[in-house]
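Asker: Count along the sequence shown starting at 1, add 572, and that's the number in this note's numbering. Take a look at the following structure, please.
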Amino acid sequence: MSNIHEAGLPDALLQFYTTAPYPCSYLADRQARSQVAIPPEHIDGVVYSTLIQRGFRRSGQYTYRPRCDGCARCVPVRVRALDFVPDRTQRKLVNRMNKPGYMQVRECPLEFCEEHYALYRAYQQHRHPKGGMDEDDADQYTQFLLSSGVDTRLIEFRIEGRLVMLSVMDVLPDGLSAVYTFYDPSDAKASFGTYAVLWQIIQCQYNNLPYLYLGYWIAESAKMAYKSRYQPMDMLDDGRWIKMPA
């Protein structure tokens, strides 16, 4: 662990430590490590925004970025929201979900809700069985998604009163950061995950925010392939944001 005061982080003397190796969630037979910024109470909205611009992400109170031995395949990416134009398939999906009276969307308090937690468990058990998160109890769920020291929004999506999806996102001076989305896994053709990204892009456009930060993209990972569908997109390369090849 080292004490580091980085330029651009006002009034924040942060420490950065690298975790022990753990199995990579995206590439088989690989070990991952993360660099974590602490203490959380020193990471306010301004500092957090600077860290996001440097490739960090947030999980609960912890802000981190990959620091794997001999591997740099996790590439931070962000959608250029103000320049984004949906393709035909994306446009059809938005039109279907946005039919008058079809999808009800509302912001909820960042508080525990049994109905939300039940959907989270169903999603994890269906989409990520034996991945560890499928066994998260209520406290782990709360620490992961409802514990935040920055401007975080919990968005609820319902169809005919039925809870179908929740999205957690952070509000930044230059955009939104998509923290996590989970949804009803029983309807594979509903494309809820795609709609969640499109909805957040639309929120950026409506509020004149230039970027939607989507976390990490890995070229070899099928789980990450969907992120490259939202062009134009930037990628962080050696500390600089550059345009990602389409």
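In this text, a Cβ means the ideal position worked out from N, Cα and C, and glycines have one as well.
For residue 776, which three-state DSSP category applies?
Answerer: Residue 776 falls in the helix class under three-state DSSP.
Asker: With DSSP as the reference, label residue 580 as helix, strand or coil.
Answerer: No answer about residue 580 holds up, because its pLDDT of 49 lies below 50 and its placement is not dependable.
Asker: Applying the criterion that 16 or more other CB atoms from any shown protein chain within 10 Å of the CB defines a buried residue, is residue 591 buried or exposed?
Answerer: With fewer than 16 other Cβ atoms within 10 Å, it is exposed.
Asker: So, is the C-beta of residue 750 closer than 9 Å to a C-beta in chain D?
Answerer: Note that chain D does not occur in the displayed structure, where there is just one protein chain.
Asker: Among 774, 761, 750 and 767, which has the Cα closest to the Cα of residue 624?
Answerer: The residue with the shortest Cα to Cα distance from residue 624 is 750.
Asker: Along the chain, where does the alpha helix (DSSP H) containing residue 727 start, and where does it finish?
Answerer: That residue, residue 727, is in no alpha helix (DSSP H); its beta strand (DSSP E) goes 724 to 731.
Asker: Are the beta-carbon atoms belonging to residue 730 and residue 677 less than 9 Å from one another?
Answerer: Cβ distance < 9 Å, so residue 730 and residue 677 count as in contact.
Asker: Using the Cα positions of residue 717 and residue 787, report the straight-line distance between them to the nearest angstrom.
Answerer: The straight-line gap from Cα to Cα measures roughly 15 Å.
Asker: Would you report the Cα separation of residue 763 and residue 756, rounded to the nearest angstrom?
Answerer: Taking the straight line joining both Cα atoms gives about 10 Å.
Asker: Ordered along the chain, which non-local residues of its own chain (more than five positions away) have a Cβ less than 7 Å from that of residue 688?
Answerer: Around residue 688: 738.
Asker: Mark residue 799 as exposed unless 16 or more other C-beta atoms lie within 10 angstroms of its C-beta, in which case mark it buried.
Answerer: Buried is the call here.
Asker: Which one of 614, 765 and 605 has the shortest CA to CA distance from residue 819?
Answerer: This structure cannot settle anything about residue 819, because the visible part of the chain is limited to 573 through 818.
Asker: Comparing alpha-carbon positions, which option in 606, 675 and 771 lies nearest residue 657?
Answerer: When only C-alpha atoms are compared, the closest one is 771.
Asker: To the nearest angstrom, report how far apart residue 732 and residue 778 are at their CA atoms.
Answerer: Straight-line Cα distance between these residues: approximately 25 Å.
Asker: Please report the straight-line C-alpha distance between residue 660 and residue 650, rounded to a whole angstrom.
Answerer: Approximately 21 Å, taken between the alpha carbons.
Asker: Please classify residue 787: does DSSP put it in a helix, a strand, or coil?
Answerer: Residue 787 falls in the strand class under three-state DSSP.
Asker: Do the CB positions of residue 645 and residue 797 come within less than 9 Å of each other?
Answerer: Against a cut-off of 9 Å, the Cβ pair of residue 797 and residue 645 comes out as no contact.
Asker: Could you tell me if residue 668 is buried or exposed, where buried requires 16 or more neighbouring beta carbons within 10 angstroms of its beta carbon?
Answerer: Classification for residue 668: exposed.
Asker: Below 8 Å on the Cβ atoms is my contact criterion, and I expect residue 636 with residue 619 to pass it. Report the Cβ-Cβ distance as a whole number of Å.
Answerer: Rounded, the Cβ-Cβ distance is 14 Å, inconsistent with contact.
Asker: Below 9 Å between beta carbons: does that hold for residue 682 and residue 631?
Answerer: Taking 9 Å as the Cβ cut-off, residue 682 and residue 631 do not qualify as a contacting pair.
Asker: So, under 8 Å CB-CB, residue 783 and residue 747 are touching, yes? Tell me the CB distance rounded to an integer number of Å.
Answerer: Correct: roughly 3 Å between the Cβ atoms.
Asker: Using 8 Å for Cβ pairs, my map puts residue 595 next to residue 603. What's the rounded Cβ distance?
Answerer: The pair is a contact, with the Cβ atoms about 7 Å apart (cut-off 8 Å).
Asker: Looking at residue 605: is its Cβ nearer than 9 Å to the Cβ of residue 639?
Answerer: Contact: yes.
Asker: Taking its Cβ as the centre, do 16 or more other Cβ atoms sit within 10 Å of residue 589, making it buried, or is it exposed?
Answerer: Residue 589 comes out exposed.
Asker: Once you ignore the five residues that flank residue 815 on each side, which residues in its own chain have a CB closer than 7 Å to its CB?
Answerer: Answer for residue 815: 804 and 806, listed in chain order.
Asker: Just curious, the beta strand (DSSP E) that residue 682 is in, first and last residue?
Answerer: First-last for residue 682: undefined, no H or E at that position.
Asker: For residue 764, which of helix, strand or coil comes out of DSSP?
Answerer: Residue 764 falls in the helix class under three-state DSSP.
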